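**Q** A single structure is presented below for examination.
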Amino acid sequence: MTLKATFAGAAMLALIAGHAGAQDLVLKSSDTHPDGYPTVEAVKHMGELISERTDGRIAVEVFHSAQLGEEKDTIEQTQFGVIDLNRVSLGPFNNILEETKVFSLPFIFRSTEHMHQVVDGPIGDEILAEFENHGLVGLAYYDSGSRSFYNRQKPITSVEDISGMKFRVMQSDVFVDMVDALGGNATPMPYGEVYSAIQTGVIDGAENNWPSFESSGHYEVAGYYTLNQHLIVPEVLVMSKTSWDKLSAEDQAIVRQAAKDSVAHMRELWQAREAASEQKVRAAGVEIITDIDKTPFIEAMVPVYEKHVTSEKLKDLVLRIQATGS
Ligand code: GTR
């Protein structure tokens, strides 16, 4: 080997070692959705911002498609510090963190704009701050459209049609009571089990937004989608408090800011994906029921509010949410 070649080889090794050494930390992030889904892409974008702003010292790796497990389990692992970052729905937090229930109440938000006003304002910050009491740091909210019922049996055009039907819900008592209040039977179940549960008739259907209905393939087994839009539950990005505490104050500020900065990008991706998913589902021949009177659905939710909004704190939050932007 010539001296020149040896030197070039050594320089290359130094470069690789230098590169590996420069990236001190790779934060592991979990998401139930597949690659390309707006939440996955938003966290990747946040990771790029963090890498840029730390000169490559910190990076984020997104483990999409539930590679690290179903949401409820990954939340526990994030609390233990096994997973650093987690993008999840607020729903599965309801039984852990009471305050998150207010964002999971049916029809609490009048529209996506209303939800944005609330989560972008002081109420959003107050609820993010609550995560610190549960081994987590709340970083940002992402969009999740509105959730509606889909099923394999028949077009649902009224509350009466739901009577006796079996629907999967996220693992939260609020959603169990919501379906019960409509006369249906709620089955809390991890997201990853829903497809085969509908296919085999263990349940009649579930409820979700356009992109989840489409990307999960549930539309292939549930041919009726009723746009009653009972829930607008934001997504949340949280960090393990254990991982957070290992960062310097400066890096914590960079992570927090990058998460906030990823929100606008996420909202753009979301709008585009909603339209694309709707088109795909319609093209597949799913019957979409749009002519639906929401009033009886809203009225049926009174017992759900009575049961879950009991403390003064939650009552006050609900009033403040309702007063926001009106
Ligand atoms: C989706 C949400 C996921 C997951 C899923 C579910 O809309 O983005 O985080 O919560 O719903 O129904 O389990």
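Per my numbering, the very first residue in the sequence shown carries number 1; after that it's consecutive. Even glycine gets a Cβ: it sits at the ideal position worked out from N, Cα and C. A quick note: this is a predicted structure, and the numbers were derived from the prediction, not measured.
#1: Count the CB pairs spanning the stretch 50-64 and the stretch 197-216 that are closer than 8 Å, and state whether there are at least three.
#2: With a cut-off of 6 Å, give the chain-ordered residues whose Cβ is closer than this to any heavy atom of the ligand GTR.
#3: Among Val-263, Val-281, Leu-269 and Glu-193, which has the Cα closest to the Cα of Tyr-225?
#4: To the nearest angstrom, how far is the alpha carbon of Leu-237 from that of Ala-284?
#5: How is the beta strand (DSSP E) around Pro-188 delimited, first residue to last?
#6: List, from N- to C-terminal side, the alpha helix (DSSP H) runs of 4 residues or more that fit wholly inside the stretch 54-106.
#7: In the DSSP assignment, what residue or residues form a beta bridge with Arg-147?
#8: If you follow the beta strand (DSSP E) that Ser-215 is part of, which residue opens it and which one closes it?
#9: Take Ala-275 and list the residues in its own chain whose beta-carbon comes closer than 8 Å to its own, dropping the five residues that flank it on each side.
#10: Just tell me which of Ile-321, Thr-200 and Val-179 has its CA closest to the CA of Glu-160.
#11: Considering just the uninterrupted stretch of the beta strand (DSSP E) at Ile-288, what are its terminal residues?
#12: Check whether the stretch 155-170 touches the stretch 130-140, taking contact to mean three or more Cβ pairs, one atom from each stretch, closer than 8 Å.
#13: Can you tell me whether DSSP reads Ala-222 as helix, strand or coil?
#14: Rounded to a whole number of angstroms, what is the C-alpha to C-alpha distance between Ile-232 and Asn-86?
#15: For the alpha helix (DSSP H) containing Val-179, list its first residue and its last residue.
#16: Less than 8 Å between the C-beta atoms of Phe-131 and Leu-105, yes or no?
#17: Between the beta-carbon of Gly-184 and the beta-carbon of Met-165, is there less than 8 Å?
#18: To the nearest whole angstrom, what separates the beta carbons of Ser-262 and Met-115, a pair I think is in contact under 8 Å?
#19: DSSP puts Gly-138 in a beta bridge; with which residues?
#20: Near Leu-314, what residues of its chain come up, given a Cβ to Cβ distance below 8 Å and the 5 sequence neighbours on each side ignored?
#21: Relative to the alpha-carbon of Arg-273, which residue among Gly-201, Asn-209, Ala-186 and Asp-55 has its alpha-carbon at the smallest distance?
#22: Which term fits Ile-108, buried or exposed, when burial requires 16 or more other beta carbons within 10 angstroms of its beta carbon?
#23: Could you check if Thr-200 is buried or exposed, using at least 16 other CB atoms within 10 Å of its CB as the buried criterion?
#24: Buried or exposed: Ala-300, going by 16 or more other Cβ atoms within 10 Å of its Cβ?
#25: Excluding the 5 residues preceding and the 5 following Glu-70 in the sequence, name in chain order all residues of the same chain whose CB lies nearer than 6 Å to its CB.
#26: My output table needs one value for Arg-256: the three-state DSSP class, helix, strand or coil.
#27: Return the Cβ separation of Glu-95 and Asp-173 in integer angstroms, given the expectation that the two are a contact with Cβ distance under 8 Å.
#28: Ignore the nearest five residues each way along the sequence and tell me which others in Thr-242's own chain have a CB closer than 8 Å to its CB.
#29: So the candidates are Gln-257, Lys-154, Asp-251 and Ile-288; which of them puts its Cα closest to the Cα of Asp-338?
#30: Could you spell out the range, first to last residue, of the beta strand (DSSP E) harbouring Lys-28?
#31: If I follow the unbroken alpha helix (DSSP H) through Arg-320, where does it start and stop?
#32: Just to confirm the assignment, what range does the beta strand (DSSP E) spanning Val-169 have?
#33: DSSP on Gly-36, reduced to helix/strand/coil?
**A** If we stick to the structure as given:
#1: When C-beta atoms of the stretch 50-64 are compared with those of the stretch 197-216, fewer than three pairs fall below 8 Å, so the two segments do not count as touching.
#2: With the cut-off at 6 Å, the residues found are Thr-32, Glu-71, Val-88, Ser-89, Gly-91, Ser-144, Met-170, Tyr-191, Asn-208, Asn-209, Ser-212 and Glu-235.
#3: One-based indexing of the sequence shown puts residue 225 at position 225. When each option's Cα is compared against that of Tyr-225, the closest is Val-281.
#4: On the sequence shown, residue 237 is found 237 positions in, with the first residue counted as 1. On the sequence shown, residue 284 is found 284 positions in, with the first residue counted as 1. Their backbone Cα atoms lie some 32 Å apart in a straight line.
#5: Within the sequence shown, the letter at position 188 stands for residue 188. 185-188 is the span of the beta strand (DSSP E), which, as asked, contains Pro-188.
#6: If we require 4 residues or more, the alpha helix (DSSP H) runs fully inside the stretch 54-106 come out as 71-80.
#7: By 1-based counting over the sequence shown, the position of residue 147 is 147. Answer by DSSP bridge pairing, in chain order: Leu-231.
#8: Numbered from 1 along the sequence shown, position 215 holds the residue referred to as residue 215. Here Ser-215 belongs to no beta strand (DSSP E); instead the alpha helix (DSSP H) covers 210-215.
#9: Translated into positions along the sequence shown, residue 275 becomes position 275. If we look at Ala-275 and ignore the five residues flanking it on each side, it has no Cβ neighbours.
#10: For the purposes of this step, residue 160 is identified with residue 160 of the sequence shown, where counting begins at 1. For Glu-160, the closest of Ile-321, Thr-200 and Val-179 by C-alpha to C-alpha distance is Val-179.
#11: The residue labelled residue 288 in the question sits at position 288 within the sequence shown. Counting along the chain, the beta strand (DSSP E) containing Ile-288 begins and ends at 287-289.
#12: Touching, no, given that fewer than three Cβ pairs across the two stretches are closer than 8 Å.
#13: As a first step, residue 222 must be located in the sequence shown, where it is residue number 222. Correct three-state label for Ala-222: coil.
#14: Against the sequence shown, residue 232 aligns to sequence position 232. Against the sequence shown, residue 86 aligns to sequence position 86. Cα to Cα, Ile-232 sits roughly 20 Å from Asn-86.
#15: The residue labelled residue 179 in the question sits at position 179 within the sequence shown. Segment 173-181, the alpha helix (DSSP H) holding Val-179.
#16: Here residue 131 corresponds to residue number 131 of the sequence shown, with the count starting at 1. Here residue 105 corresponds to residue number 105 of the sequence shown, with the count starting at 1. It is not a contact, given that the beta carbons lie outside the stated cut-off.
#17: If you number the sequence shown from 1, residue 184 lands on position 184. If you number the sequence shown from 1, residue 165 lands on position 165. Closer than 8 Å, so yes.
#18: In the sequence shown, counting from the first residue as 1, residue 262 sits at position 262. In the sequence shown, counting from the first residue as 1, residue 115 sits at position 115. No, Ser-262 and Met-115 are not in contact; Cβ-Cβ is about 17 Å, not under 8 Å.
#19: To locate residue 138, count along the sequence shown from 1; it is residue 138. BP columns for Gly-138 point to Val-238.
#20: Working through the sequence shown from its first residue, we reach residue 314 at position 314. Only Glu-98, Glu-99, Lys-101, Val-102 and His-308 meet the Cβ criterion.
#21: Residue numbering aside, residue 273 sits at position 273 when the sequence shown is read from its first letter. That would be Asn-209, whose Cα lies nearest to the Cα of Arg-273.
#22: Translated into positions along the sequence shown, residue 108 becomes position 108. Buried, by the Cβ-count rule.
#23: Stepping through the sequence shown from its first residue, residue 200 is reached at position 200. Here Thr-200 is exposed: its Cβ has fewer than 16 other Cβ atoms, across all protein chains shown, within 10 Å.
#24: In the sequence shown, the residue the question calls residue 300 occupies position 300. Sixteen is the threshold: when 16 or more other Cβ atoms of the shown chains lie within 10 Å of the Cβ of Ala-300, as they do, the residue is buried.
#25: Position 70 of the sequence shown, counted from the first residue, corresponds to residue 70. The residues are Pro-190 and Gly-192.
#26: Working through the sequence shown from its first residue, we reach residue 256 at position 256. In this structure, DSSP gives Arg-256 a helical state, which the three-state scheme calls helix.
#27: On the sequence shown, position 95 is the one that residue 95 refers to. On the sequence shown, position 173 is the one that residue 173 refers to. The question names Glu, but residue 95 in the sequence shown is Asn. That pair is a contact at about 6 Å.
#28: Counted from its first residue, the sequence shown places residue 242 at position 242. Result list for Thr-242: Phe-80, Gly-81 and Gly-135, in chain order.
#29: Coverage of the chain is limited to positions 1 through 326, which leaves residue 338 absent and any answer about it impossible.
#30: If you number the sequence shown from 1, residue 28 lands on position 28. From DSSP, the beta strand (DSSP E) with Lys-28 extends over 25-30.
#31: Translated into the one-based positions of the sequence shown, residue 320 becomes position 320. Arg-320: member of the alpha helix (DSSP H) spanning 312-323, first to last residue.
#32: As a first step, residue 169 is located in the sequence shown; it is residue number 169 there, counting from the start. Taken as a continuous stretch (DSSP letters only), the beta strand (DSSP E) holding Val-169 covers 166-169.
#33: Residue numbering aside, residue 36 sits at position 36 when the sequence shown is read from its first letter. Coil at Gly-36, not helix or strand.
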